[in-house]
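Undergrad: Whatever position you read off the sequence shown (first residue = 1), add 65 for my numbering. For each residue, glycine too, the CB sits at the ideal point set by N, CA and C.
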Amino acid sequence: MRMRALVTVLLAMPITAMGLDLDALWDFDHPAVSEQRFTDALAKASPDEQAILQTQIARTFGLRGDFAKARQILSTLEVDLPRASAEVQARYHLELGRTYASAAHRLPLPTAEDRERARRAFLHAFDVAQRAGLDGIAIDALHMMVFVDTEPGQQLAWNVKAIAYVERSTRADAKRWEGPLRNNIGYAKHQQGDYEGALREFRLSRAAYERAGKEKSVRVADWMIAWTLRAQKKYREALAIQLRLERAFDAAGEPDPYVYEELEHLYRAMGNEQQADRYAAKLEAVRASAVR
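1) Who are the Cβ neighbours of L142 in its own chain at under 8 Å, not counting the five residues just before and after it?
2) May I have a chain-ordered list of the beta strand (DSSP E) segments no shorter than 3 residues that lie completely inside the stretch 284-309?
3) Taking buried to mean at least 16 other C-beta atoms within 10 Å of its own C-beta, is G363 buried or exposed?
4) Can you tell me whether L85 is helix, strand or coil according to DSSP?
5) With H, G and I counted as helix, E and B as strand and the rest as coil, what does DSSP make of S354?
6) By the three-class DSSP mapping on this structure, what secondary structure does R257 have?
7) Considering Cα atoms alone, identify which of A296, R309, G262 and K298 is closest to V285.
8) Mind reading off the beta-carbon distance from V211 to R184? Whole number of angstroms is fine, and I expect it under 8 Å.
9) With DSSP run on the structure shown, which of helix, strand or coil describes Y274?
10) Which residue wins for smallest C-alpha separation from A155, given the options L199, E326, Y300 and Q256?
11) With the cut-off set at 8 Å, would you say R163 and G130 are in Cβ contact?
12) Which residues mark the beginning and the end of the alpha helix (DSSP H) in which H330 is found?
13) If you pair each beta-carbon of the stretch 328-340 with each one of the stretch 293-303, do three or more pairs fall below 8 Å?
Here is the structure:
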């Protein structure tokens, strides 16, 4: 079964810097557009802001899988890094770590050596950010550790540490991490077979997204809840949620293949082969249109 990508939730986290609204410049679905925006912003930026912008330009290349280019851009910051602000240093190490291990890495997966490079970079970023009170960056660094320590138990431990940081922080940029982190904790618990624990976290994630007014993320949380209900063989509860999601996505003109896939599984589990075949056909049609 294809799993709904969690990265879509994590990439959309707002990022702010002194004098810069990085969130307004980011379009995570179109990294090249973001690169141009960051490049345009360089002209009116202070030296410190220019360095921050360069870390984000590097990230746009990482999102496109060009990790060598991302590291080349980051290398231009190394000479002045010891004299740079804590934010520049933390962001440099965070983005350097992402070039070695991240959701953007496809096959072949990062080697053990690359994961260790990422570990050192992420933990350094966390240390700098924590000491400087840059809570949002510190939490970002902690959440990236799940790409280094990939066993479900290890991932759960890192996400629990990150959510504890969110809970004790008073900063808005830290509080915005609650939805994604609760989602990830729920996913790890699901992988361990703790379905009740997973449901609890997915529902907390949904509530956090609802408070933030993130409609698309609320739908993802609903999908995760229904997915877990199916694992518990609560097919009718899961079906009601997935059918509601189907209507919502279709009304938005964005038919969702993950919803169709779950509906196929649910109808097969309930013995309705006709409906299962119908959603299997819809799933294939959406996938076929996506590759055209």
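TA: Here's the rundown:
1) Excluding positions up to five away in sequence, the list reads A116, Q119, T120, A149, V153 and Y157.
2) Look at the stretch 284-309 and you find no whole run of beta strand (DSSP E) that is 3 residues long or longer.
3) Because residue 363 is not part of the residues shown, which for the chain are 66 to 357, the question remains open.
4) Secondary structure at L85: strand, using DSSP grouped into helix, strand and coil.
5) DSSP places S354 in helix when its eight states are reduced to three.
6) A small fix is needed here, since residue 257 is Gln in this sequence, not Arg. Q257: coil per DSSP, three-state reduction.
7) Selected option, being the one with the closest Cα: R309.
8) About 12 Å; that fails the 8 Å criterion.
9) Of the three classes helix, strand and coil, the one that applies to Y274 here is helix, per DSSP.
10) The shortest Cα separation from A155 among L199, E326, Y300 and Q256 belongs to L199.
11) In this structure, the beta-carbon distance from R163 to G130 does not fall below 8 Å.
12) Where H330 is concerned, the enclosing alpha helix (DSSP H) starts and stops at P322 to A334.
13) Verdict: yes, contact present.
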